[in-house]
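Chemist: I have a structure I would like to understand better, so I am pasting it below and will then ask my questions one at a time.
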Amino acid sequence: MSTQVTDDHSATGVVEPANGSALATSLPESIPAVQRMRQLASLTTLPFMCVDGGSGDVLFRQEELALGLMPEAIRERLDEFDVPQVVVLDSGLMFYGTRLPSHEGRGLLAIGYMLSEPGARPQDVVIGAAEAGWSNERLANWLGEQRHSHPQIVKRLLETGDGRVGRNELMEQEIEHLSRHVEQTYEEISLLHAVTGKMQISRGVLDIADLCLERLHASIPAGGTLVYLEDRPGQTHMPYLGELPFSEDSLVRLVARFDDHDWSQPVVRNHMGRTLLGAEFPGLESLVIVSISEGSHRSGWIVCCNCAEGGEFGSVEASLLNSVASILGTHLRNIHLYREHDELLLGFVRSLVSTLDAKDPYTAGHSERVALVARLLGKAMHLPEGDLHDIYLAGLLHDIGKIGVDDNILRKPGDLTDEEYKSIQAHPALGYEILSGLKNLHPVLPGVRSHHESYNGTGYPDGLQGEGIPLMARILAVADSYDAMNSDRPYRTGMPVDAIETIFHRGAGHQWDAKVIDVYFGIRDDIARICRDHTRSDRTILSELSGEFQN
Ligand SMILES: [Fe+2]
Ligand SMILES: [Fe+2]
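For the sequence shown, the working numbering assigns the number -7 to the initial residue and increments by one for each residue that follows.
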């Protein structure tokens, strides 16, 4: 079905197209009223015109209604067509119609007509045809082609069609709404997926904040996006992307303006330029603020400001920011719990080690130095941060089994008897037993048990050999031997570094793993410095513990 569209936009808009049939075209095809008229025509198979409900002017009509008839008798009764209605005129013409969506404040109607009985030659049609310049023959042909029907049937058709078109429209609106919702949800889920996929506890808070910021700024059309975080008390960060019309200090002031706000909900403001708040923060036109909370504690905010191209922020942006803030808050909480747990564990380990140091003041500080040296060796071997943490703890705890060895044997300055030596050799297995009951310390067990194994299999307690000795233990063995030889004892002073290194050269591949010895030589100066620094402070601590160093 084609419709002639011209530039004529007069009220009646009746023009003469090339084929000679006059069509009213003062309404564009795309407006909802015309679309609905077309749907109604297609569902009822009735032809229609789009009529101004006030004046009765014909504004648009289908080709089937070659004559835009609007008799005075119908013009006077237009308000009846507010609902599906059929009006039969004495002339033998039947008009039917119903209401259409209004256009630019104009009430519109879909109205059509047909013969109410076969063979009728209504007066209005004759006059209309004459005005349109039709010949008698053309009029006769046209009348012969016209449909006729019973008013009740037409009314029923109209009511059914009207109802279905209404339902179709509702469904279309619903579908459009749902697709928009699905699209937004998809965008939100893909963003959250990207962020949560990279949330390992080992990643720092700022790292995760940067990731969130990057994704949010790419998804939300904002002039500027920021994440404000208070990681530790008094330690704040404010990474941002884009342009911000305020500094970190002003942000705190801005957020303080919403002190009364219920922070479980986002703050959304548009058109701020003309408000008091906008005057206080020049350049700020619109914003969304959500709170990053860890339970009841607020750790920061995510802010988007100045919606692009003068647009407005709404529930979509607020919901996205809220979801990211909630994930960030949970992650922060986890990181803080992890830190607390780690500090608790370290505190426990240190108190265990100080018990050991108190038993044998001459070797006090040894565990700490072994831990630091082993960590340095691991770092030079490019081990991951988690492994370095475990190596450090294992260093602190490697001799913890000595807690179970008689103090007199530990402190004995001279040669040990075989039995005493055996008693001391029991300490790695004893340490393993003590710690194996503590689940959080399981990662350090290989180092504690095997730090006296030799690379050639002559060590204890299990006589392990080569790569069969856990790497952590092979690293600890080098660190432990270095500090043991380097430290002073009541019966001897510490061995000079060059003498230790000669022994290392000789023992590489026999007592120690040659690869770890190589790593030692790569960082020998750093190791010497660490041991020097930690020996001084340990002596000070020792002098407080017992008065023996003064003697
Ligand atoms: Fe040991
Ligand atoms: Fe040791």
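Beta carbons are placed, not taken as given, at the ideal position from N, Cα and C, and that holds for glycine. All values derive from a computational prediction rather than experimental measurement.
(1) Ignoring anything shorter than 4 residues or poking outside the segment 101 to 179, list the alpha helix (DSSP H) runs there in chain order.
(2) Is any heavy atom in ligand 1 found nearer than 7 Å to the beta carbon of Pro548?
(3) Under the rule that 16 or more other beta-carbon atoms within 10 Å means buried, what is Ser479, buried or exposed?
(4) Classify Glu459 as helix, strand or coil using the three-state DSSP reduction.
(5) Is the CB-CB distance between Leu101 and Val43 below 8 Å?
(6) Taking all protein chains shown into account, do 16 or more other C-beta atoms lie within 10 angstroms of the C-beta of Ser291, making it buried, or fewer, making it exposed?
(7) Just verifying my parser: in three-state terms, what is the DSSP assignment at Thr527?
(8) Please indicate yes or no: does the CB of Val362 lie closer than 7 Å to some heavy atom of ligand 4?
(9) Three or more C-beta pairs under 8 Å: does that hold for the segment 51 to 71 against the segment 87 to 107?
(10) Please return the same chain residues whose Cβ sits closer than 6 Å to the Cβ of Leu312, not counting the five positions on each side in sequence.
(11) Report yes if the C-beta of Asp391 is less than 7 Å from at least one heavy atom of ligand 1; otherwise report no.
(12) Quick check on Ser285: does DSSP put it in helix, strand or coil?
(13) Quick one, are the C-beta atoms of Met464 and Pro488 less than 8 Å apart?
(14) For the segment 341 to 366, which segments carrying the alpha helix (DSSP H) assignment without a break, of at least 4 residues, lie completely within its bounds, in sequence order?
(15) Given this structure, state the Cα-to-Cα distance separating Leu375 from Gly429, to the nearest angstrom.
(16) Closest to Val174 by C-alpha separation, out of Asp410, Arg30, Val308, Glu109, would be which residue?
(17) Could you name the residues of the same chain whose beta carbon sits closer than 8 Å to that of Arg69, not counting the 5 residues immediately before and after it, in chain order?
(18) If you draw a straight line from the C-alpha of Asp518 to the C-alpha of Leu269, how long is it?
(19) Measure the alpha-carbon distance for Leu135 versus Arg113 and round it to whole angstroms.
(20) For Glu56, which of helix, strand or coil comes out of DSSP?
(21) If you count every other CB in all the chains shown that lies within 10 Å of the CB of Phe87, and 16 or more means buried, which is it?
(22) Looking at the structure shown, is Met264 part of a helix, part of a strand, or coil, going by DSSP?
(23) Give me the DSSP bridge partner(s) of Leu85.
(24) Beta-carbon within less than 6 Å of Arg441's beta-carbon, same chain only, minus the 5 sequence neighbours each way: which residues are those?
(25) Using 10 angstroms around the beta-carbon of Val75, count the other beta-carbons present and answer buried if the total reaches 16, otherwise exposed.
(26) What are the start and end residues of the beta strand (DSSP E) that includes Arg224?
(27) Using only the alpha-carbon positions, how far apart do Ala14 and Pro143 sit?
(28) When burial is assigned at 16 or more other CB atoms within 10 Å of the CB, is Cys523 buried or exposed?
(29) Spatial neighbours of Ala366 within its chain, please: CB distance less than 6 Å, with the 5 preceding and 5 following residues excluded, ordered by chain position.
(30) Taking three-plus beta-carbon pairs below 8 Å as touching, is the segment 200 to 210 in contact with the segment 223 to 234?
(31) What does the alpha-carbon distance come out to for the pair Gln457 and Gln417?
(32) My output table needs one value for Tyr452: the three-state DSSP class, helix, strand or coil.
Modeler: Concretely, from the data shown:
(1) Segments of the alpha helix (DSSP H) lying fully in the segment 101 to 179: 115 to 123, 128 to 137.
(2) Beyond the ends of the chain as shown, which are -7 and 543, falls residue 548; an answer cannot be given.
(3) For this step, residue 479 is matched to residue 487 along the sequence shown. Counting Cβ neighbours within 10 Å, Ser479 comes out buried, since at least 16 surround it.
(4) Counting from one through the sequence shown, the residue named residue 459 turns up at place 467. In this structure, Glu459 counts as helix in the three-state DSSP scheme.
(5) Sequence index remark: in the sequence shown, residue 101 carries index 109 (1-based). Sequence index remark: in the sequence shown, residue 43 carries index 51 (1-based). A contact, by the Cβ cut-off of 8 Å.
(6) As a working note, residue 291 is residue 299 in the sequence shown. Around the beta carbon of Ser291, 16 or more other beta carbons lie within 10 angstroms, which makes this residue buried.
(7) Along the sequence shown, read from residue 1 onward, the residue named residue 527 stands at position 535. In the structure shown, Thr527 sits in a helix (DSSP, three-state: H, G or I).
(8) No copy of ligand 4 occurs in the structure displayed; its ligands are ligand 1 and ligand 2 alone.
(9) Contact between the segment 51 to 71 and the segment 87 to 107 is established, with three or more Cβ pairs separated by less than 8 Å.
(10) As a first step, residue 312 must be located in the sequence shown, where it is residue number 320. Contacts found: Glu180.
(11) Translated into the one-based positions of the sequence shown, residue 391 becomes position 399. Flag set: Cβ of Asp391 near ligand 1.
(12) Here residue 285 refers to the residue found at position 293 of the sequence shown. Ser285 falls in the strand class under three-state DSSP.
(13) The residue labelled residue 464 in the question sits at position 472 within the sequence shown. The residue labelled residue 488 in the question sits at position 496 within the sequence shown. Contact flag unset, no.
(14) List check, alpha helix (DSSP H) in window: nothing returned.
(15) Here residue 375 refers to the residue found at position 383 when the sequence shown is read from its first residue. Here residue 429 refers to the residue found at position 437 when the sequence shown is read from its first residue. When rounded, the distance between both Cα atoms is 27 Å.
(16) As a position in the sequence shown, residue 174 is number 182, starting the count at 1. Taking only the C-alpha atoms, the option nearest Val174 is Val308.
(17) The count along the sequence shown starts at 1 and reaches residue 69 at position 77. Once the five neighbours on either side are set aside, the close Cβ partners of Arg69 are Val79.
(18) Taking the sequence shown and counting its residues from 1, the one referred to as residue 518 is at position 526. Taking the sequence shown and counting its residues from 1, the one referred to as residue 269 is at position 277. Rounded to the nearest angstrom, the two C-alpha atoms are 57 Å apart.
(19) For the purposes of this step, residue 135 is taken as residue 143 along the sequence shown, with counting starting at 1. For the purposes of this step, residue 113 is taken as residue 121 along the sequence shown, with counting starting at 1. Using only the alpha carbons, I get a separation of about 7 Å.
(20) Numbered from its first residue, the sequence shown carries residue 56 at position 64. Three-state result, Glu56: coil.
(21) Looking up residue 87 in the sequence shown gives position 95. With 16 or more other CB atoms across the displayed protein chains lying within 10 angstroms of its CB, Phe87 is buried.
(22) The residue labelled residue 264 in the question sits at position 272 within the sequence shown. Reduced to three states, the DSSP call for Met264 is helix.
(23) By 1-based counting over the sequence shown, the position of residue 85 is 93. DSSP lists Leu107 as partners of Leu85.
(24) The residue given as residue 441 occupies position 449 in the sequence shown. Here Arg441 has Pro420, Tyr424 as same chain residues with Cβ atoms under 6 Å from its own Cβ, once five neighbours each way along the sequence are excluded.
(25) Walking along the sequence shown from the start, residue 75 turns up at place 83. By the 10 Å Cβ count, Val75 comes out exposed.
(26) For the purposes of this step, residue 224 is taken as the residue at position 232 of the sequence shown. Counting along the chain, the beta strand (DSSP E) containing Arg224 begins and ends at 214 to 224.
(27) Working through the sequence shown from its first residue, we reach residue 14 at position 22. Working through the sequence shown from its first residue, we reach residue 143 at position 151. Because Ala14 sits at a pLDDT of 37, beneath the cut-off of 50, its placement in the model cannot be relied upon, and the following sentence gives the value as read from the coordinates. Looking at the two C-alpha atoms, the distance is approximately 27 Å.
(28) The sequence position of residue 523 within the sequence shown is 531, counting from 1. With 16 or more other Cβ atoms within 10 Å, it is buried.
(29) Against the sequence shown, residue 366 aligns to sequence position 374. The residues Ile383, Gly387, Ile467, Leu468, Ala471, in chain order, have a CB closer than 6 Å to that of Ala366 in the same chain once the five nearest residues on each side in sequence are set aside.
(30) Yes, since at least three Cβ pairs between the segment 200 to 210 and the segment 223 to 234 fall closer than 8 Å, the two stretches touch.
(31) Reading the sequence shown from its first residue, position 465 is the one you call residue 457. Reading the sequence shown from its first residue, position 425 is the one you call residue 417. Rounded to the nearest angstrom, the two C-alpha atoms are 18 Å apart.
(32) As a working note, residue 452 is residue 460 in the sequence shown. Tyr452 sits in coil when the DSSP states are folded into three classes, being neither helix nor strand.
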